[in-house]
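One structure is given below, encoded as structure tokens.
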Amino acid sequence: MILLDGKKTSEAIKKEIALEVEQLVANGSRRPKLVAILVGDDGASRTYVNNKEKACQDVGFDSAVIRYPGDTSEEELLAKIDEINGDPGVDGLIVQLPLPPHIDEAKVIHNISPSKDVDGFHSQNVGKLMLGEETFVSATPYGIMALLEHYNIDTKGKHCVVLGRSNIVGRPISNLLSLKGNPGDCTVTICHSKTRNIEQHTRMADIIIAAIGIPQFLKEDMVKEGAVVVDVGITRVPDATRAKGYRLVGDVDFEHVAPKCSYITPVPGGVGPMTIVSLMRNTLQAMKQHK
Ligand code: NAP
Numbered sequence: 001m002i003l004l005d006g007k008k009t010s011e012a013i014k015k016e017i018a019l020e021v022e023q024l025v026a027n028g029s030r031r032p033k034l035v036a037i038l039v040g041d042d043g044a045s046r047t048y049v050n051n052k053e054k055a056c057q058d059v060g061f062d063s064a065v066i067r068y069p070g071d072t073s074e075e076e077l078l079a080k081i082d083e084i085n086g087d088p089g090v091d092g093l094i095v096q097l098p099l100p101p102h103i104d105e106a107k108v109i110h111n112i113s114p115s116k117d118v119d120g121f122h123s124q125n126v127g128k129l130m131l132g133e134e135t136f137v138s139a140t141p142y143g144i145m146a147l148l149e150h151y152n153i154d155t156k157g158k159h160c161v162v163l164g165r166s167n168i169v170g171r172p173i174s175n176l177l178s179l180k181g182n183p184g185d186c187t188v189t190i191c192h193s194k195t196r197n198i199e200q201h202t203r204m205a206d207i208i209i210a211a212i213g214i215p216q217f218l219k220e221d222m223v224k225e226g227a228v229v230v231d232v233g234i235t236r237v238p239d240a241t242r243a244k245g246y247r248l249v250g251d252v253d254f255e256h257v258a259p260k261c262s263y264i265t266p267v268p269g270g271v272g273p274m275t276i277v278s279l280m281r282n283t284l285q286a287m288k289q290h291k
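Numbering-wise, the sequence shown is residues 1 to 291 according to the working numbering.
Okay, structure coming up:
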């Protein structure tokens, strides 16, 4: 079993990005800039935004976090997005999800300029992804593809089972893996909460991408010998022995599944760091396009 080490891989990619940024700056360019908007006080969202800010510092980007209280109106948020859309000094804009229930998430996403939508959530960018055109690939699927590529995992003709059909993970990774190319050229099955006998699908999979958010859902008897398993799930499980009072648990019963796998991602240290570095890649790409 080989561990798909997202921490190590993302560090290597970060170094490449940092080097490119310094070269751009040495040639007279400004630094890429990412702006994040955070509405409300959700603990996990705060951590994600802080991690993104830290990653910007690591690779030499400028960054800003705009923090709004949870009762901020949709109008105020949309007005700020408009302002940032028109700011030539900003390359990437992300609005941390989830938003409070009184704000229409779809409307917010559609108001972000597609050229600054480095999360790749705007329908224009999603449409390009579907067609296999160059675009901002949303960060988590982009990170998974980069990890498979980094470890030279042969995906051609393989049967890939994706657990979850969300717009930010399940659907885009299913699409990417079914497109021509490597990683790609897979035969993809998408499973969701209405799928019957899910274990019959997973047992036939050469590659499993688990993205449902149920801790340790994927058990040993659901996986065939030699499978590649990518665990996207992150759930905070209360744990009094930890200083923070919780630990992060993936969708895979790692201890029992790992011995059967050819490759597997850990949680934490697998897909999470790859997601953040992919956002950095998109921001650098946005800056080059804006130039
Ligand atoms: P989501 O929007 O809640 O979607 C969950 C998906 O799982 C849905 O399609 C749902 O099916 C399906 N599902 C739920 N219960 C199921 C079951 N018993 N059997 C089969 N499918 C089931 O979640 P998400 O945003 O995609 O995130 C999934 C997980 O990945 C979460 O733990 C999240 O925290 C994590 N995540 C991690 C990263 C990272 O960087 N590592 C990034 C994003 C998300 P229906 O469509 O039928 O409801």
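Virtual Cβ for every residue (Gly too), placed ideally from N, Cα, C.
One or two residues paired with residue i in a DSSP bridge
i	result
TYR151	TYR151 pairs with nothing; no bridge assigned.
VAL267	In the DSSP output, where bridge partners are listed per residue, VAL267 has none listed.
ALA258	Note: ALA258 sits in no beta bridge, so no partner.
LEU179	DSSP lists no partner for LEU179.
TYR246	PRO238
DSSP-derived helix/strand/coil call for residue i
i	result
ASP251	coil
GLY40	coil
VAL229	strand
GLY92	strand
LYS156	coil
THR140	helix
LEU34	strand
CYS191	strand
THR235	strand
ALA106	helix
SER278	helix
VAL161	strand
VAL59	helix
LEU218	strand
ILE168	coil
ALA211	coil
ILE2	strand
ILE173	helix
ALA64	strand
GLU11	helix
ILE112	coil
SER73	coil
LYS291	coil
LEU24	helix
GLU134	coil
ARG203	coil
ASN51	helix
Own chain partners of residue i with C-beta closer than 7 Å, once the 5 adjacent residues on each side are dropped
i	result
LYS7	GLY269, PRO273
VAL59	LYS14, ILE17, ALA18, VAL21, MET280
SER138	ASP119, GLY120, PHE121, ILE168, PRO172
PRO259	MET1
Cutoff 8 Å; reference residue i; Cβ partners in own chain excluding five residues on either side
i	result
ALA210	LEU163, GLY164, PHE217, LEU218, VAL229, VAL230, ASP231, VAL232, GLY233, GLY250, ASP251, VAL252
TYR48	GLN96
SER115	ALA286, GLN289, HIS290
LYS52	LEU34, ALA36, SER63, ILE94, ILE276, LEU279
ASN182	GLU149, ASP154, THR155, LYS156
LYS244	none
Chain-order list of residues whose beta-carbon lies under 6 Å from that of residue i (same chain, five-residue window excluded)
i	result
LYS158	CYS186, ASP206, ILE207
SER113	ASN85
GLU199	MET222
ASN111	LEU78, ILE81
GLY226	SER262
LYS224	ARG203
ARG247	VAL237, ASP239
Residue i: CB within 7 Å of a non-hydrogen atom of the ligand SAH
i	result
LEU131	The ligand SAH is not part of the structure shown, which contains the ligand NAP as its ligands.
The region 91-102 touching the region 35-48, judged by at least three CB pairs closer than 8 Å = yes
For the 8 Å Cβ check, are there 3 or more pairs between the region 109-128 and the region 56-73?
-> no
Touching or not, the region 275-285 and the region 239-251, by the rule of three or more beta carbon pairs under 8 Å?
-> no
Can you pull every residue whose C-beta falls closer than 6 Å to some heavy atom of the ligand NAP, listed in chain order?
-> THR140, LEU163, GLY164, ARG165, SER166, ILE168, VAL169, GLY170, CYS191, HIS192, SER193, LYS194, THR195, ILE198, ALA211, ILE212, GLY213, ILE214, VAL232, GLY233, ILE234, THR235, VAL271, GLY272, THR275
Okay, do the region 18-27 and the region 175-183 touch, 3+ Cβ pairs below 8 Å being the bar?
-> no
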